[in-house]
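Q: Have a look at this one before I ask anything.
There are 2 protein chains.
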Amino acid sequence: MGGTAIIGLGAMGQGMARNIMQAGISLRGFDLSTAARDRFAGAGGIAEDSAVDAVSGCDLLLVMVATAAQAEAALFDGVLDALAKDAVVILSSTVAPSEARAIAARLNDAGHLMLDAPVSGGQVGADGGTLTIMASGPDTAFDRAEAVLAAISKKVHRLGDAPGMGATYKVVHQLAAGVHLVAAAELMAFGTKAGCDPKTLLDIVSSSAGQSWMLDDRAPRMMQTDPVPTSTVDIFIKDLSLVVQSARDSGAPVPLAAAAYQMMVGAGGMGLGRSDDSAVIRAYEALTGCRVTETEAEISATKDANT
Amino acid sequence: MGGTAIIGLGAMGQGMARNIMQAGISLRGFDLSTAARDRFAGAGGIAEDSAVDAVSGCDLLLVMVATAAQAEAALFDGVLDALAKDAVVILSSTVAPSEARAIAARLNDAGHLMLDAPVSGGQVGADGGTLTIMASGPDTAFDRAEAVLAAISKKVHRLGDAPGMGATYKVVHQLAAGVHLVAAAELMAFGTKAGCDPKTLLDIVSSSAGQSWMLDDRAPRMMQTDPVPTSTVDIFIKDLSLVVQSARDSGAPVPLAAAAYQMMVGAGGMGLGRSDDSAVIRAYEALTGCRVTETEAEISATKDANT
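First to last, the protein sequences are chains A and B.
Going by this note's numbering, 282 is the number at position 275 of the first sequence; the sequence numbering is gapless.
Going by this note's numbering, 64 is the number at position 57 of the second sequence; the sequence numbering is gapless.
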């Protein structure tokens with residue numbers, strides 16, 4: 008008996024699954040999307056038609072769905088009984104600390120252990136096996152999850168044994184990522200409206216004290232008309248909502264995160280929820296009446312000039 | 008005739024002056040502070056008792072005071088007449104684009120040229136001669152300022168000939184720097200209140216997608232009781248005020264910068280205006296009832312543990 012399963016084969020889960028299998032670990036998997044299951048099967052995974060079938064008899068389960076509600080729906084409809092006794096569940100979704108604690112309690116009641124183990128690094132990190140993991144949970148759970156965690160990450164931060172601490176570090180991290188992402192849009196829109204050349208502006212700020220990882224990564228995409236989504240506006244609306252709510256629960260005001268959240272909600276309100284999260288620039292473009300994103304005509308002109 | 012002068016020998020000006028002199032350029036200087044003048048003289052500069060005496064007959068003048076009001080006070084009380092005819096004035100103070108344009112117009116009326124040339128890199132960059140310069144102005148002014156600019160910087164961005172463009176890029180840059188600085192305080196306070204270890208939190212965020220130059224540079228100082236000021240809260244209150252006002256003038260809303268500005272004003276309101284700008288953490292500490300900064304007792308304990 009035993010074995011390893013994954014639930015959630017989206018933008019993050021697919022890459023994580025591939026890296027686990029490349030480490031020589033046989034993997035069963037489930038996702039609500041048939042296309043995602045087929046893709047997983049094509050990469051060598053054993054795709055099952057239900058979560059219960061995927062986890063049946065497994066003693067290690069990685070959950071990489073988008074929200075706490077999805078995690079609860081996946082876990083609490085037969086899966087806990089279908090797992091082997093005393094299984095370890097690695098919850099890598101970004102959820103509120105209070106949600107991580109609640110899920111851990113239900114898992115413990117059913118005789119299982121939980122690693123509260125959210126990740127940073129996005130789709131690039133998932134594909135490359137270079138995620139950063141912020142994890143809390145019992146030592147036994149860390150020991151039994153070790154090979155899987157090593158396969159998907161470059162660094163595992165062990166943050167004690169209390170469920171919720173992994174989620175806390177991740178949510179605080181998302182404050183930084185979200186504020187820096189929206190700040191990048193804010194400065195690109197303001198600068199362009201004030202007469203700066205967007206590319207020169209990015210070059211100056213990213214080589215000076217205004218640099219951030221998010222500016223370097225997302226501002227170039229803000230200048231593209233239709234970048235391929237790696238993480239969406241909807242995901243960041245959820246993450247910044249978690250930041251604001253978790254900070255309130257802790258008794259910590261977060262005025263910058265609250266402002267960033269509102270601008271991201273605005274991008275969602277413009278119908279851009281499934282676009283790349285760099286599309287928050289469109290909210291600023293709407294409010295400044297100024298276009299940072301290259302128009303098709305400009306892109307054609309650049310292409311013509313280069314041929 | 009001819010010669011080079013500097014007005015403003017504060018935290019930035021002293022280092023810039025030393026690097027200009029080390030490039031073999033003789034330099035006369037003035038500052039309202041006697042101590043600053045003495046320090047400049049000790050480094051080999053020719054200190055004068057008034058701005059007019061310092062610039063008399065010079066054809067190149069570097070102005071490195073803190074505000075536009077100080078620049079106007081320094082320039083428009085006899086200095087323009089005391090300069091050689093057709094002199095070049097390098098204005099490196101961070102001022103509003105509208106202020107840079109107004110000062111340039113008065114200089115032009117008096118027969119002089121202006122380089123609108125604010126800098127980034129802080130005191131470390133000033134001391135090391137590694138500033139980034141964002142400059143706009145006539146080609147002639149660039150040519151005649153070249154040796155001085157090369158002595159103080161690692162990179163000169165030439166941003167056209169219109170006065171105000173250098174200031175615009177700098178002000179937009181300060182949006183990023185200011186938001187990232189306050190975001191660093193916001194996340195350190197929230198995380199600490201929520202149970203994270205401050206050093207572990209910084210380690211995780213600064214090695215992930217939440218990284219920023221300001222987080223890397225200022226968060227360690229937020230954990231120190233009384234860091235040596237390199238740039239002050241008052242300076243950032245002024246800079247973020249310029250961001251908010253200049254953005255309004257351009258018709259660009261900047262909700263993140265506005266929130267960051269308010270928190271920096273709060274740090275000033277706590278009496279911390281002359282403290283290092285990392286002291287904005289104290290405003291968040293006040294609002295969370297939680298201490299990120301190490302107490303003296305903790306510092307002693309660490310020292311004891313290390314001996």
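For each residue, glycine too, the CB sits at the ideal point set by N, CA and C.
Computed from a predicted model, the values in this text were never measured in an experiment.
Answer yes or no: does any C-beta atom of chain A fall closer than 9 Å to that of Gly135 of chain B?
A: In the second sequence, residue 135 of chain B corresponds to position 128, counting from 1. So no, Gly135 of chain B is outside the interface.
Q: Excluding sequence positions up to five away, which residues of its chain have a Cβ less than 8 Å from the Cβ of Gly49 of chain B?
A: Looking up residue 49 of chain B in the second sequence gives position 42. For Gly49 of chain B, where only same-chain residues beyond five positions count, there are no Cβ hits under 8 Å.
Q: By Cβ distance below 8 Å, which residues in the same chain neighbour Gln252 of chain B in space, the five residues on each side in sequence not counted?
A: Sequence index remark: in the second sequence, residue 252 of chain B carries index 245 (1-based). Counting only Cβ-Cβ distances below 8 Å, and skipping sequence neighbours, we find Ala103.
Q: With DSSP run on the structure shown, which of helix, strand or coil describes Val240 of chain B?
A: Your numbering for residue 240 of chain B matches position 233 in the second sequence. Reduced to three states, the DSSP call for Val240 of chain B is helix.
Q: Could you check if Thr41 of chain B is buried or exposed, using at least 16 other CB atoms within 10 Å of its CB as the buried criterion?
A: Reading the second sequence from its first residue, position 34 is the one you call residue 41 of chain B. With fewer than 16 other Cβ atoms within 10 Å, it is exposed.
Q: Can you have a look at Asn115 of chain A and say buried or exposed, based on whether 16 or more other CB atoms are within 10 angstroms of its CB?
A: Your numbering for residue 115 of chain A matches position 108 in the first sequence. Asn115 of chain A is exposed by the Cβ-count criterion.
Q: Which ranges would you report for the alpha helix (DSSP H) in the region 134-197 of chain B if only whole runs of at least 4 residues count?
A: 146-159, all fully within the region 134-197 of chain B.
Q: Do the CB positions of Gly85 of chain B and Val126 of chain B come within less than 9 Å of each other?
A: Here the question's residue 85 of chain B lines up with position 78 in the second sequence. Here the question's residue 126 of chain B lines up with position 119 in the second sequence. No, these two residues do not count as a Cβ contact at 9 Å.
Q: Give every residue of the same chain whose Cβ lies closer than 7 Å to the Cβ of His180 of chain A, excluding the five residues on either side of it in the sequence, and list them in chain order.
A: As a working mapping, residue 180 of chain A is identified with position 173 in the first sequence. Ser127, listed in sequence order.
Q: Excluding sequence positions up to five away, which residues of its chain have a Cβ less than 7 Å from the Cβ of Val163 of chain B?
A: For the purposes of this step, residue 163 of chain B is taken as residue 156 along the second sequence, with counting starting at 1. Closer than 7 Å at Cβ, skipping near neighbours: Ile140, Ala142, Leu156.
Q: Do three or more CB pairs link the region 281-301 of chain B to the region 230-245 of chain A at distances below 8 Å?
A: As far as the Cβ criterion goes, the region 281-301 of chain B does not touch the region 230-245 of chain A, which means the pair count is below three.
Q: With DSSP collapsed to three states, give me the class of Ser257 of chain A.
A: The count along the first sequence starts at 1 and reaches residue 257 of chain A at position 250. It is helical.
Q: Report the neighbours of Leu263 of chain A on chain B: residues whose CB is nearer than 7 Å to its CB, in chain order.
A: Here residue 263 of chain A corresponds to residue number 256 of the first sequence, with the count starting at 1. Result: Val186, Val189, Ala190, Glu193, Leu263, Ala266, Ala267.
Q: For the region 218-229 of chain A, which residues have a CB atom closer than 8 Å to at least one CB atom of chain B, in sequence order?
A: Residues Gln218, Ser219, Trp220, Met221, Leu222, Asp224.
Q: Name the chain B residues whose beta carbon is nearer than 7 Å to that of Met141 of chain A?
A: Locating residue 141 of chain A in the first sequence gives position 134, counting from the first residue. Going along chain B in sequence order, the residues near Met141 of chain A (Cβ under 7 Å) are Ile211.
Q: With C-beta atoms as the reference, is Asp283 of chain B less than 9 Å away from Met271 of chain B?
A: What you label residue 283 of chain B is simply residue 276 of the second sequence in a count that begins at 1. What you label residue 271 of chain B is simply residue 264 of the second sequence in a count that begins at 1. Not in contact: Asp283 of chain B and Met271 of chain B (Cβ atoms no closer than 9 Å).
Q: Given this structure, state the Cα-to-Cα distance separating Ile13 of chain B from Met71 of chain B, to the nearest angstrom.
A: Working through the second sequence from its first residue, we reach residue 13 of chain B at position 6. Working through the second sequence from its first residue, we reach residue 71 of chain B at position 64. Whole-angstrom Cα-Cα distance: 7 Å.
Q: For Leu138 of chain B and Val96 of chain B, which I take to be in contact (beta-carbon distance under 8 Å), what is that distance rounded to the nearest angstrom?
A: One-based indexing of the second sequence puts residue 138 of chain B at position 131. One-based indexing of the second sequence puts residue 96 of chain B at position 89. Not a contact, Cβ separation roughly 18 Å.
Q: I want to verify the contact list: residues of chain A whose CB lies under 8 Å from the CB of Thr175 of chain B, in sequence order.
A: For the purposes of this step, residue 175 of chain B is identified with residue 168 of the second sequence, where counting begins at 1. In chain order: Gly198, Ala201, Gly202, Cys203.
Q: Could you tell me whether the Cβ of Leu182 of chain B comes closer than 9 Å to any Cβ of chain A?
A: Counted from its first residue, the second sequence places residue 182 of chain B at position 175. True, the Cβ-Cβ gap to chain A drops below 9 Å.
Q: Phe243 of chain A and Gly171 of chain A: beta carbons closer than 9 Å?
A: Taking the first residue of the first sequence as position 1, residue 243 of chain A is located at position 236. Taking the first residue of the first sequence as position 1, residue 171 of chain A is located at position 164. Result no, Cβ atoms of Phe243 of chain A and Gly171 of chain A do not sit closer than 9 Å.
Q: How big is the Cα-Cα spacing for Leu249 of chain B and Gly198 of chain A?
A: Within the second sequence, numbered from 1, the residue matching residue 249 of chain B stands at position 242. Within the first sequence, numbered from 1, the residue matching residue 198 of chain A stands at position 191. Rounded to whole angstroms, Leu249 of chain B to Gly198 of chain A spans 13 Å at the Cα level.
Q: For a contact defined as C-beta to C-beta under 7 Å, what are the partners of Thr295 of chain A on chain B?
A: Walking along the first sequence from the start, residue 295 of chain A turns up at place 288. Simply Gly258, Ala259.
Q: Among residues of its own chain, excluding the 5 on either side of Thr147 of chain B, which ones have a beta-carbon nearer than 7 Å to its beta-carbon?
A: Looking up residue 147 of chain B in the second sequence gives position 140. Leu120.
Q: Which chain A residues are close to Pro104 of chain B, counting only those with a beta carbon under 8 Å from its beta carbon?
A: For the purposes of this step, residue 104 of chain B is taken as the residue at position 97 of the second sequence. Those are Ala201, listed as they occur along chain A.
Q: With a cut-off of 9 Å, does the C-beta of His164 of chain B fall near any C-beta of chain A?
A: Mapped onto the second sequence, residue 164 of chain B falls at position 157. Yes, because at least one Cβ of chain A sits closer than 9 Å to the Cβ of His164 of chain B.
Q: Below 8 Å on the Cβ atoms is my guess for Thr295 of chain A versus Ala196 of chain A; work out the distance and round it to an integer in Å.
A: For the purposes of this step, residue 295 of chain A is taken as the residue at position 288 of the first sequence. For the purposes of this step, residue 196 of chain A is taken as the residue at position 189 of the first sequence. Correct: roughly 5 Å between the Cβ atoms.
Q: Over the uninterrupted beta strand (DSSP E) stretch that includes Ala12 of chain A, give me the two end residues.
A: Residue numbering aside, residue 12 of chain A sits at position 5 when the first sequence is read from its first letter. Counting along the chain, the beta strand (DSSP E) containing Ala12 of chain A begins and ends at 11-14.
Q: For my contact list, Ala201 of chain A and Ala259 of chain B are in at a C-beta cut-off of 8 Å; report their separation, rounded to the angstrom.
A: What you label residue 201 of chain A is simply residue 194 of the first sequence in a count that begins at 1. What you label residue 259 of chain B is simply residue 252 of the second sequence in a count that begins at 1. Going by Cβ atoms, the distance from Ala201 of chain A to Ala259 of chain B rounds to 7 Å, so yes, they are a contact pair.
Q: What number of angstroms, rounded off, separates the C-alpha of Met229 of chain B from the C-alpha of Ala191 of chain B?
A: For the purposes of this step, residue 229 of chain B is taken as the residue at position 222 of the second sequence. For the purposes of this step, residue 191 of chain B is taken as the residue at position 184 of the second sequence. Answer to the nearest angstrom: the Cα atoms are 9 Å apart.
Q: Label Arg44 of chain A either buried or exposed according to how many other C-beta atoms from any shown protein chain fall within 10 Å of its C-beta, with 16 as the threshold for buried.
A: Along the first sequence, one-based indexing puts residue 44 of chain A at 37. Classification of Arg44 of chain A: buried, given that the 10 Å Cβ count is 16 or more.
Q: Going by alpha carbons, who is nearest to Cys297 of chain B out of B:Ala264, B:Asp256, B:Asp204?
A: Here residue 297 of chain B corresponds to residue number 290 of the second sequence, with the count starting at 1. For Cys297 of chain B, the nearest C-alpha among the options comes from B:Asp204.
Q: Please report the distance separating the alpha-carbon of Ala158 of chain B from that of Arg151 of chain B.
A: In the second sequence, counting from the first residue as 1, residue 158 of chain B sits at position 151. In the second sequence, counting from the first residue as 1, residue 151 of chain B sits at position 144. Taking the straight line joining both Cα atoms gives about 13 Å.
Q: Look up Leu69 of chain B in the DSSP assignment and give the residues it is bridged to.
A: Here residue 69 of chain B corresponds to residue number 62 of the second sequence, with the count starting at 1. For Leu69 of chain B, which the question treats as bridged, DSSP gives the partners B:Ile13, B:Ile97.
Q: So with Cβ pairs under 9 Å, would you call Gly275 of chain B a contact of chain A?
A: By 1-based counting over the second sequence, the position of residue 275 of chain B is 268. Taking Cβ atoms only, chain A never reaches closer than 9 Å to Gly275 of chain B, which makes this a no.
Q: Within its chain, find whatever has a CB closer than 6 Å to the CB of Arg225 of chain A; leave out the 5 residues flanking it on each side and keep chain order.
A: For the purposes of this step, residue 225 of chain A is taken as the residue at position 218 of the first sequence. For Arg225 of chain A, where only same-chain residues beyond five positions count, the Cβ hits under 6 Å are Leu188, Ala191, Ser285.
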